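Novice:
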Amino acid sequence: MGFISRGFRGRPKVEAEAGRVPPGQYVTRDFPVLSAGPTPNIPLDKWRFTVSGQVDKPLAWSWQELMALPAEDVTVDIHCVTKWTKLDTAWKGVSVDTLLKDVPTAAEFVMAHSYGGYTTNLPLEDVTGGKAWVAYAFGGEPLEPEHGGPARLLVPHLYFWKSAKWVSGLELRDEDEPGFWEGYGYNNYGDPWREQRYAGD
Amino acid sequence: MTSDNHVDGNAMGGFLMDAFGREMTDARGGCASCGSEHVMAELVVYRSGPGDVLRCPSCTAVLMVATPLPSGPRIYFSSLRWLAPKERA
Amino acid sequence: MARAAVRGRLTWQVADLVDRIDETPQVRSLVLDVPDWPGHQPGQHVDVRLTADDGYQAERSYSIATPADDNRVTITVERIDDGEVSPYLVDELHVGDKLELRGPIGGYFVWQPGDGGPLFLAAGGSGLVPLMAMVRARIGGGGHVPVRLLVSSRSPDEAIYAGELGTIATDQAGVEVIQTFTRAQPPGWTGYRRRVDREMLAEVAWPATDRPRCYVCGPTGFVEAVANSLVELGHKPQDIRTERFGPTGG
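Chains as they are written, first to last, in the numbering used here: chain U, 1 to 201; chain D, 202 to 290; chain R, 291 to 540.
1. Taking Cβ positions, are R:Gly511 and R:Phe535 nearer each other than 8 Å?
2. Using alpha carbons as the reference points, say which of U:Val134, U:Arg197 and U:Thr98 lies closest to U:Lys165.
3. If you measure beta-carbon to beta-carbon, which residues of the region 20-45 of chain U are closer than 8 Å to chain D?
4. Within 10 angstroms of the Cβ of R:Gln528, are there 16 or more other Cβ atoms? Answer buried if so, exposed if not.
5. Give the straight-line distance between the Cα atoms of U:Asp102 and U:Val55, rounded to the nearest whole angstrom.
6. Assign R:Asn518 to one of three DSSP states: helix, strand, or coil.
7. Label R:Lys526 either buried or exposed according to how many other C-beta atoms from any shown protein chain fall within 10 Å of its C-beta, with 16 as the threshold for buried.
8. Evaluate D:Trp283 with the Cβ neighbour count: other Cβ atoms within 10 Å of its Cβ, from every protein chain shown; 16 or more gives buried, anything less gives exposed.
9. What number of angstroms, rounded off, separates the C-alpha of R:Ala355 from the C-alpha of D:Met265?
10. Expressed to the nearest angstrom, what Euclidean distance is found between the alpha-carbon atoms of D:Gly231 and D:Ser237?
11. Closer than 9 Å by beta-carbon distance: list the chain D residues that pair up with U:Tyr189, in chain order.
12. Are the C-beta atoms of D:Leu217 and some chain U residue less than 8 Å apart?
13. In terms of alpha-carbon separation, which member of R:Arg444, R:Thr472 and R:Leu439 lies closest to R:Gly456?
14. Applying a beta-carbon distance threshold of less than 7 Å, which residues of chain D neighbour R:Ile395?
15. Per DSSP, what are the beta-bridge partners of D:Asp209 in this structure?
16. In whole angstroms, give me the CA-to-CA distance for U:Gly129 and U:Arg11.
17. Can the beta-carbon of R:Thr470 be found closer than 8 Å to that of R:Ser442?
18. Let me see if you follow: with CB-CB separation under 8 Å, is U:Ser5 close to chain R or not?
19. Under a three-way DSSP split, which group does R:Gln469 fall into?
20. Please report the Cβ distance between U:Thr87 and U:Val110, rounded to the nearest whole angstrom; I am assuming they are in contact, meaning their Cβ atoms lie under 8 Å.
21. In terms of residues, what are the limits of the alpha helix (DSSP H) holding D:Ala221?
22. If I follow the unbroken beta strand (DSSP E) through U:Ile78, where does it start and stop?
23. Among the candidates R:Gln347, R:Thr341, R:Pro446 and R:Cys504, whose CA atom is the shortest distance from the CA of R:Gly478?
24. Can you check which of these residues, U:Ser5, U:Ala106 and U:Phe49, is closest to U:Leu99 by C-alpha distance?
25. Is there a Cβ from chain R that is less than 8 Å from the Cβ of U:Phe109?
26. Count the other CB atoms, across all protein chains shown, that sit within 10 Å of the CB of R:Arg315; report buried if there are 16 or more and exposed otherwise.
27. Return no unless some Cβ of chain U is closer than 8 Å to the Cβ of D:Ser249.
28. Quick check for students: name the residue ranges of the beta strand (DSSP E) that lie wholly in the region 431-469 of chain R, counting only runs of 3 or more.
29. With a threshold of 16 other CB atoms inside 10 Å of the CB of R:Pro502, please say whether the residue is buried or exposed.
30. Return the first residue and the last residue of the alpha helix (DSSP H) that R:Ala423 is part of.
31. Along the region 329-361 of chain R, what residues have a CB closer than 9 Å to any CB found in chain U?
32. Within 8 Å (strictly less), CB to CB, does U:Tyr136 reach chain D?
33. Once the 5 residues before and after R:Gln499 are set aside, which same chain residues still bring their CB inside 8 Å of it?
34. Only counting the same chain, and skipping five residues up and downstream in sequence, which positions put a Cβ closer than 6 Å to that of U:Tyr115?
35. Taking the beta carbon of D:Leu260 as the centre, do at least 16 other beta carbons fall within 10 Å, making it buried, or is it exposed?
36. Alpha carbon to alpha carbon, how far is U:Ser62 from U:Leu154?
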């Protein structure tokens, strides 16, 4: 190794139980704000969440309709591909299972779309079976715009770029196609426990 | 843009110099999406973590994305149609 | 050869810290001796890299505060609370320590006296650093270009280079310094006490008909508000060069 900066300690070490932190990750107490574009400003009376694509009939919910659906409080660990992990984050949201409950489909994949144009792709089975939510509250407070509010997708078992901020809908697809980061060098699936960060991992 | 969570192409100066082997903040480029022309220093840059997204100041189209891959930094070209480094004396 | 010169600028070099200057309680200037420094232009910056003994690295960019002076490169660093790099640079690095850097970097946000004027410089907080390099170049034998420097600081305690700018304002014909304090003002202050706005720029900046070269540096919100106001006042966008440091309050 080359030059070492005397006395530079890097990030403070936060302890965690064995087995909680995926390989290559470090635990942080911060919640970094990172985006690929400007924070969209979506008035709640214009907000919609749609399910489209390989469905008999596209569905849409307004904000009021989303609020009327049964919601869950979930506490999960989240893992960013840039190596930070945040433990025990508390969210409130509607399970994607609830939204897809009356949507027969043979589709195997989804593309999540966001206000502002961001996309990310996932297998349908990774957003169903209790694995994903449309989350609108964090830490007991309404989700702030800089963290994806009014609502974002929450898929904690995959790297956090899959938890699309400012989510506007899920497009069900027969064929898989890469979303934003998947098209810019990142892994198509993104399992933190197998350290699938980059394409080819 | 109302949010201020971005910087500009000046912040990418070192990365661009690495990638192109010369000073690039004063290189001019053309946007395929809206046809406007800008110097690299004036691009709207989101340092988003997985990568840096360089957007057109006129229409917000993604011009380039700089990703720090394990094999080394890579620039993906999206809506950047042309690039012209500045002539030097 | 040109190629070797660029390779030099791209290569990480180890510099020695030869002096530290306290500018404000949160801001310190680091005077570095860089063995193979090729020289630089006012407005350029360096990338600084820190490496911990476990191999973890962090990189940041810092504007050079002084005009070219052989192997001497001075950067001015503001300590950001909870920052990863700035607390180390401001608090931990001692004279005699070494720092890895590369540069100089930048070909657009630069000004040399030969580029002409008049010059209008607008600084928000630590955005003053690269503009100070331009002012120092102008004063240190750089001709007679008329300069107006508008500095926005939160309070007198946070005004970087205040003493030097006070002297410049008094002694240097052709270089004017206008300060606005946005949160707290010195006793008896009769100057501006608000954020830079279009009305202030109309009073302070050269008229658009003078075709001044404008440089604006600081937090992103500050830079965009000032640049937009200058355009509204008739300045041509191509006469305005900007450098954004990121979100306010970082």
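We put the beta carbon where it would ideally sit given N, CA and C, even for glycine. Model, not experiment: these values are computed from the prediction.
Specialist: In brief:
1. As a first step, residue 511 of chain R is located in the third sequence; it is residue number 221 there, counting from the start. As a first step, residue 535 of chain R is located in the third sequence; it is residue number 245 there, counting from the start. Pairing R:Gly511 with R:Phe535 gives a Cβ-Cβ distance that is not under 8 Å.
2. As a working note, residue 165 of chain U is residue 165 in the first sequence. Closest by alpha carbon: U:Val134.
3. The residues in question are Pro32, Val33, Leu34, Ser35, Ala36, Gly37, Pro38, Thr39 and Asn41.
4. For the purposes of this step, residue 528 of chain R is taken as the residue at position 238 of the third sequence. Result: exposed.
5. The residue labelled residue 102 of chain U in the question sits at position 102 within the first sequence. The residue labelled residue 55 of chain U in the question sits at position 55 within the first sequence. Taking the CA atoms as reference points, U:Asp102 sits about 10 Å from U:Val55.
6. To locate residue 518 of chain R, count along the third sequence from 1; it is residue 228. Reduced to three states, the DSSP call for R:Asn518 is helix.
7. Walking along the third sequence from the start, residue 526 of chain R turns up at place 236. A residue is called buried when at least 16 other Cβ atoms come within 10 angstroms of its Cβ; R:Lys526 does not meet this threshold and is exposed.
8. Position 82 of the second sequence, counted from the first residue, corresponds to residue 283 of chain D. For D:Trp283, the number of other beta carbons within 10 angstroms of its own is below 16, and it is reported as exposed.
9. Numbered from its first residue, the third sequence carries residue 355 of chain R at position 65. Numbered from its first residue, the second sequence carries residue 265 of chain D at position 64. Cα-Cα distance, rounded: 30 Å.
10. Residue 231 of chain D sits at position 30 when you count from the first residue of the second sequence. Residue 237 of chain D sits at position 36 when you count from the first residue of the second sequence. Straight-line measurement puts the Cα of D:Ser237 at about 6 Å from the Cα of D:Gly231.
11. Along the first sequence, one-based indexing puts residue 189 of chain U at 189. Those within 9 Å of U:Tyr189 in chain D number zero; the least Cβ separation is about 15 Å.
12. If you number the second sequence from 1, residue 217 of chain D lands on position 16. Taking CB atoms only, D:Leu217 has no neighbour in chain U less than 8 Å away.
13. Stepping through the third sequence from its first residue, residue 456 of chain R is reached at position 166. Comparing Cα positions, the closest option is R:Leu439.
14. As a working mapping, residue 395 of chain R is identified with position 105 in the third sequence. Correct list: Gly214, Gly215 and Met218.
15. Residue numbering aside, residue 209 of chain D sits at position 8 when the second sequence is read from its first letter. D:Val245.
16. Your numbering for residue 129 of chain U matches position 129 in the first sequence. Your numbering for residue 11 of chain U matches position 11 in the first sequence. One C-alpha to the other measures close to 36 Å.
17. For this step, residue 470 of chain R is matched to residue 180 along the third sequence. For this step, residue 442 of chain R is matched to residue 152 along the third sequence. Yes, the Cβ-Cβ distance between R:Thr470 and R:Ser442 is below 8 Å.
18. Indexing the first sequence from 1 puts residue 5 of chain U at position 5. Taking Cβ atoms only, chain R reaches closer than 8 Å to U:Ser5, which makes this a yes.
19. Stepping through the third sequence from its first residue, residue 469 of chain R is reached at position 179. Here R:Gln469 sits in strand by DSSP.
20. Along the first sequence, read from residue 1 onward, the residue named residue 87 of chain U stands at position 87. Along the first sequence, read from residue 1 onward, the residue named residue 110 of chain U stands at position 110. Reading the sequence as shown, one finds Leu at residue 87 of chain U and not Thr. U:Leu87 to U:Val110, Cβ: 27 Å. No contact.
21. Looking up residue 221 of chain D in the second sequence gives position 20. First, the residue type needs correcting, since residue 221 of chain D is Phe and not Ala in the sequence shown. Here the alpha helix (DSSP H) through D:Phe221 covers Gly214 to Phe221.
22. What you label residue 78 of chain U is simply residue 78 of the first sequence in a count that begins at 1. Residues Glu72 to His79.
23. Along the third sequence, one-based indexing puts residue 478 of chain R at 188. Of R:Gln347, R:Thr341, R:Pro446 and R:Cys504, the residue nearest in Cα terms is R:Pro446.
24. Your numbering for residue 99 of chain U matches position 99 in the first sequence. Relative to U:Leu99, the option among U:Ser5, U:Ala106 and U:Phe49 whose CA is nearest is U:Phe49.
25. The residue you call residue 109 of chain U lines up with position 109 of the first sequence. So no, U:Phe109 is outside the interface.
26. The sequence position of residue 315 of chain R within the third sequence is 25, counting from 1. The question names Arg, but residue 315 of chain R is Pro in the sequence shown. Classification of R:Pro315: exposed, given that the 10 Å Cβ count is below 16.
27. Indexing the second sequence from 1 puts residue 249 of chain D at position 48. Interface residue, yes.
28. Listed in chain order, they are 437-443.
29. As a position in the third sequence, residue 502 of chain R is number 212, starting the count at 1. R:Pro502 is buried by the Cβ-count criterion.
30. Indexing the third sequence from 1 puts residue 423 of chain R at position 133. Note, R:Ala423: alpha helix (DSSP H), Leu418 to Ile429.
31. Correct list: Arg339, Leu340, Thr341, Ala342, Asp343, Asp344, Gly345, Tyr346, Gln347 and Ala348.
32. Taking the first sequence and counting its residues from 1, the one referred to as residue 136 of chain U is at position 136. Cβ-Cβ to chain D under 8 Å: no for U:Tyr136.
33. Position 209 of the third sequence, counting from 1, holds the residue named residue 499 of chain R. It is Thr, not Gln, that sits at residue 499 of chain R in the sequence shown. Hits under 8 Å: Gly524.
34. By one-based count along the first sequence, residue 115 of chain U stands at place 115. Close CB contacts of U:Tyr115 within its chain, under the 6 Å cut and outside five residues either way in sequence, are with Pro40, Ile42, Trp166 and Ser168 (chain order).
35. Sequence index remark: in the second sequence, residue 260 of chain D carries index 59 (1-based). Before going further, note that residue 260 of chain D is Cys rather than Leu in the sequence given. Here D:Cys260 is exposed, its C-beta having fewer than 16 other C-beta atoms within 10 Å.
36. Within the first sequence, numbered from 1, the residue matching residue 62 of chain U stands at position 62. Within the first sequence, numbered from 1, the residue matching residue 154 of chain U stands at position 154. Distance between the alpha carbons of U:Ser62 and U:Leu154 is about 19 Å.
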